[in-house]
Every structure is written in C-alpha cells, then in structure tokens.
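Residue numbers (the working numbering): 1 to 155.
For every residue, glycine included, the Cβ atom is placed at its ideal position computed from N, Cα and C.
Every value quoted in this text rests on a predicted model; they were computed, and no experiment measured them.
Everything below concerns the one structure shown next.
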Ligand SMILES: Nc1nc2c(ncn2[C@@H]2O[C@H](COP(=O)(O)OP(=O)(O)OP(=O)(O)O)[C@@H](O)[C@H]2O)c(=O)[nH]1
Ligand SMILES: [Mg+2]
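Shown next, in the form of structure tokens:
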C-alpha cells in the first residue's frame, strides 16, 4: 500500500485484516497483516504491507502480487501526488498483477475535495482499478482487497 501520509493506509489494512478501527499503535515499517480468503474455491493468504508515507525507498527491488495507491478524498494534495507515485512504484517495484487506486475517507462527503469522477478518470488514464472506500464505516474495504486478490490469482 502506497500513498501520502495519513490517507488511511493503516486503517484500511487493519480494518480488512483484523476488523479494528482505528489501528492500535503506530505504523511499523515492514509490519505485515494477513487474512485468509476464499478465491475461486481456494484458500489464499493475503499479506498486506504498507509503505511509510510517500517514502518507500526500502521497497526498491521488491516483488508484489498487487499494489494499492491510496489518496484521501478530502485532501486534494494527496490525489495530486498519485501520478508521480504511480511512476515511482512502477519503476522501483515489480507488480505482477492488479494495481488499484483507492479514494479513502469517502464517509466525509461534505469535506470532499476530489470527486468520484476525477478519481475514476485518473485510474482509467493510469490503467488502474478504482474504488472509493471508507475504513471508518467499512465501506468497500473487503471489495477492494478481494478484487485485487482475485486479479492476482488469475495471473
Ligand atoms: N473519516 C475517516 N477517517 C479515516 C479513515 N481512514 C483513516 N482515517 C483517519 O485518518 C488518519 C490517518 O490514518 P492512518 O491509517 O494512520 O493513515 P496512514 O496512511 O497509514 O498514515 P501513515 O502511515 O502515517 O502514512 C487517522 O486519524 C484515521 O483515524 C476513513 O475512512 N474515514
Ligand atoms: Mg500507516
């Protein structure tokens, strides 16, 4: 999971893996959450790791089955960071499957600075899947991770 600081990477990851909001304790670089899911009749163990804010030099050379780029729909600067982050991720890591763009904090609709259409357009331009999520109210969190997992399993 990549994205600007405080977009909700930890909350999404922990909501999906442990059904807790908010996560307890700070983000620890390299910490892995896991959840076993059933995809196409097979049990798959998903391992979720998080880059520390936009600084992800420690992931250079890593190989992932999928990647999420997350922005905060109430913070435009986090959305504007997405194209350069996408290029950085693509050039530094091997992603052999789905990349997904997530617009998180969709529960804060009255504070929204990025529309759904803008997120969808950017995802289309970059060739990413797109969803808006809320880790707080657990909206589209399972769907986002399971979609990526299914795409990874098809590769
Ligand atoms: N309203 C709302 N707040 C959220 C949501 N997800 C996360 N937050 C809040 O956003 C803040 C940052 O969440 P984190 O999950 O720590 O963000 P992060 O991207 O992991 O941050 P770093 O690891 O520091 O880069 C916390 O105060 C969360 O409670 C959400 O879906 N809705
Ligand atoms: Mg975090």
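For ligand 2, any of its heavy atoms closer than 7 Å to the Cβ of residue 237? Residue numbering for the chain in the displayed model covers 1 to 155; residue 237 lies beyond these limits and cannot be assessed.
Go through the segment 41 to 103 residue by residue and report every complete run of the beta strand (DSSP E) that reaches 3 residues or more, in order. Segments of the beta strand (DSSP E) lying fully in the segment 41 to 103: 42 to 48, 67 to 72.
When you compare the segment 38 to 54 with the segment 109 to 125, are there three or more beta-carbon pairs, one atom per stretch, that lie closer than 8 Å? Of all C-beta pairs linking the segment 38 to 54 to the segment 109 to 125, fewer than three are shorter than 8 Å, placing the two stretches out of contact.
Using a Cβ-based criterion (distance less than 7 Å to any ligand heavy atom), does residue 50 qualify as near ligand 2? Yes.
Shortest alpha-carbon distance to residue 72 belongs to which of 91, 9, 94? Minimum Cα distance to residue 72 is reached at 9.
If you draw a straight line from the C-alpha of residue 82 to the C-alpha of residue 130, how long is it? Residue 82 and residue 130 have their C-alpha atoms spaced approximately 13 Å apart.
Counterpart residues of residue 139 in DSSP-defined beta bridges: Beta bridge pairing from DSSP links residue 139 with 134.
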